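Engineer: So for the sequence shown, my numbering puts the first residue at 211; every next one is plus one.
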Amino acid sequence: MINTLPAVIAFDADDTLWPNEPYFRDAEKEIIKLLERYYRGDNLLEHLYQQEIKNLHIFGYGAKGFSLSMIESVIELSEGMVNGAEIQKIIDLGKSIMTYPINLIEGVHETLEELKDYPLMLITKGDLFDQESKIARSGLGDYFQAVEIVSEKNDETYLRLLQRYNIKPENFWMIGNSLKSDVLPIDRIGGTGVHIPFESTWQHETVSEDHAAEHNYHELQSIRELPMLIEKHIA
Ligand SMILES: [Mg+2]
Numbered sequence: 211m212i213n214t215l216p217a218v219i220a221f222d223a224d225d226t227l228w229p230n231e232p233y234f235r236d237a238e239k240e241i242i243k244l245l246e247r248y249y250r251g252d253n254l255l256e257h258l259y260q261q262e263i264k265n266l267h268i269f270g271y272g273a274k275g276f277s278l279s280m281i282e283s284v285i286e287l288s289e290g291m292v293n294g295a296e297i298q299k300i301i302d303l304g305k306s307i308m309t310y311p312i313n314l315i316e317g318v319h320e321t322l323e324e325l326k327d328y329p330l331m332l333i334t335k336g337d338l339f340d341q342e343s344k345i346a347r348s349g350l351g352d353y354f355q356a357v358e359i360v361s362e363k364n365d366e367t368y369l370r371l372l373q374r375y376n377i378k379p380e381n382f383w384m385i386g387n388s389l390k391s392d393v394l395p396i397d398r399i400g401g402t403g404v405h406i407p408f409e410s411t412w413q414h415e416t417v418s419e420d421h422a423a424e425h426n427y428h429e430l431q432s433i434r435e436l437p438m439l440i441e442k443h444i445a
């Protein structure tokens with residue numbers, strides 16, 4: 211039934227509908243403070259990041275994997291000297307990332323309200339429980355006809371979803387803050403990607419300008435510009 215409509219509009223969640231990245235970066239700052247007792251070397255942030263990337267294929271994306279990676283890093287960098295209270299502090303930081311109050315990004319509510327006659331989807335990657343909890347806390351769940359929580363957002367994931375929902379690529383719009391995960395794959399599979407940058411982007415999600423320039427996509431400064439863009443293109 212979705213197939214007969216002029217456009218299916220899918221949204222990323224974290225840092226597209228609500229801020230998420232800043233909570234991880236704030237937690238990292240706390241962890242660095244905690245580590246300063248034990249570790250005098252440079253590039254602490256880079257070390258934390260590398261540990262996270264190394265573990266991505268085991269833990270996947272999200273706050274739980276992040277917390278475990280941070281604990282592992284702290285044990286390693288403190289040469290096993292970190293104590294139980296400090297490990298508890300890292301666990302608490304992880305919990306705070308999974309329970310923060312969801313404050314919608316400016317214009318999100320109004321935009322979804324304006325677009326609610328279209329079939330709207332939410333496509334987010336990460337931990338199932340964590341993402342479901344954020345969607346519930348956001349109060350936006352009812353806007354979406356379908357919510358997909360996936361482990362990776364690449365060409366194959368999107369093709370699989372389009373097939374499952376019987377959506378033609380040319381009718382598919384995806385809106386998100388990550389060029390790598392939300393926008394460039396959509397161009398490659400024949401849909402329309404819309405990039406709305408957020409104030410900060412996780413290092414793992416960045417792409418080179420040259421790579422981005424090989425793709426076609428729209429770039430907006432605010433989600434408020436989206437209804438007009440869609441109207442212009444499908445009218
Ligand atoms: Mg995002």
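No residue lacks a Cβ here, since even glycine has one placed at the ideal position from N, Cα and C.
Quantities reported herein were computed from a predicted structural model and do not represent experimental measurements.
In three-state DSSP terms, what is PHE408?
Structural biologist: Along the sequence shown, one-based indexing puts residue 408 at 198. Here PHE408 sits in coil by DSSP.
Engineer: Answer with buried or exposed for MET291, where buried requires no fewer than 16 other C-beta atoms within 10 angstroms of its C-beta.
Structural biologist: Your numbering for residue 291 matches position 81 in the sequence shown. That one is exposed.
Engineer: If we count Cβ pairs, one from each stretch, closer than 8 Å, do we get three or more for the segment 420 to 439 versus the segment 307 to 322?
Structural biologist: The segment 420 to 439 vs the segment 307 to 322: in contact.
Engineer: Under DSSP, the alpha helix (DSSP H) around ILE377 begins and ends at which residues?
Structural biologist: Translated into positions along the sequence shown, residue 377 becomes position 167. Segment: none, ILE377 is in no alpha helix (DSSP H) and carries neither H nor E.
Engineer: Assign LEU163 to one of three DSSP states: helix, strand, or coil.
Structural biologist: The structure shown does not extend to residue 163, since the chain is modelled only from 211 to 445, so the question has no answer here.
Engineer: Buried or exposed: which applies to ASN426, given that a residue is buried once 16 or more other Cβ atoms fall within 10 Å of its Cβ?
Structural biologist: For the purposes of this step, residue 426 is taken as residue 216 along the sequence shown, with counting starting at 1. Burial call: exposed.
Engineer: At 4 residues or longer, what runs of the alpha helix (DSSP H) sit wholly inside the segment 268 to 356?
Structural biologist: The segment 268 to 356 contains these whole alpha helix (DSSP H) runs: 273 to 287, 294 to 309, 318 to 324 and 338 to 348.
Engineer: Taking Cβ positions, are GLY304 and ALA273 nearer each other than 8 Å?
Structural biologist: In the sequence shown, the residue the question calls residue 304 occupies position 94. In the sequence shown, the residue the question calls residue 273 occupies position 63. Yes, Cβ-Cβ distance for GLY304 and ALA273 is below 8 Å.
Engineer: Can you name, in chain order, every residue of its own chain whose Cβ lies under 7 Å from the Cβ of LEU350, other than the five neighbours on each side?
Structural biologist: Here residue 350 refers to the residue found at position 140 of the sequence shown. These residues qualify, in order along the chain: LEU227 and LEU322.
Engineer: Does the beta-carbon of GLU262 have 16 or more other beta-carbons within 10 angstroms, so that it is buried, or is it exposed?
Structural biologist: For the purposes of this step, residue 262 is taken as residue 52 along the sequence shown, with counting starting at 1. Classification for GLU262: buried.
Engineer: Does the beta-carbon of ASN387 have 16 or more other beta-carbons within 10 angstroms, so that it is buried, or is it exposed?
Structural biologist: Residue numbering aside, residue 387 sits at position 177 when the sequence shown is read from its first letter. Classification for ASN387: buried.
Engineer: In whole angstroms, what is the alpha-carbon distance linking ASP225 and ILE399?
Structural biologist: As a working note, residue 225 is residue 15 in the sequence shown. As a working note, residue 399 is residue 189 in the sequence shown. Taking the straight line joining both Cα atoms gives about 23 Å.
Engineer: For ligand 1, which residues have a Cβ under 6 Å from at least one heavy atom, in chain order?
Structural biologist: This criterion selects ASP222, ASP224, ASP225, THR226, GLY386, ASN387 and SER388.
Engineer: Please classify GLU366: is it buried, with 16 or more other beta-carbons within 10 angstroms of its beta-carbon, or exposed?
Structural biologist: Here residue 366 refers to the residue found at position 156 when the sequence shown is read from its first residue. Exposed, by the Cβ-count rule.
Engineer: By how many angstroms is the C-alpha of ILE307 removed from the C-alpha of GLY270?
Structural biologist: Walking along the sequence shown from the start, residue 270 turns up at place 60. Walking along the sequence shown from the start, residue 307 turns up at place 97. Rounded to whole angstroms, GLY270 to ILE307 spans 16 Å at the Cα level.
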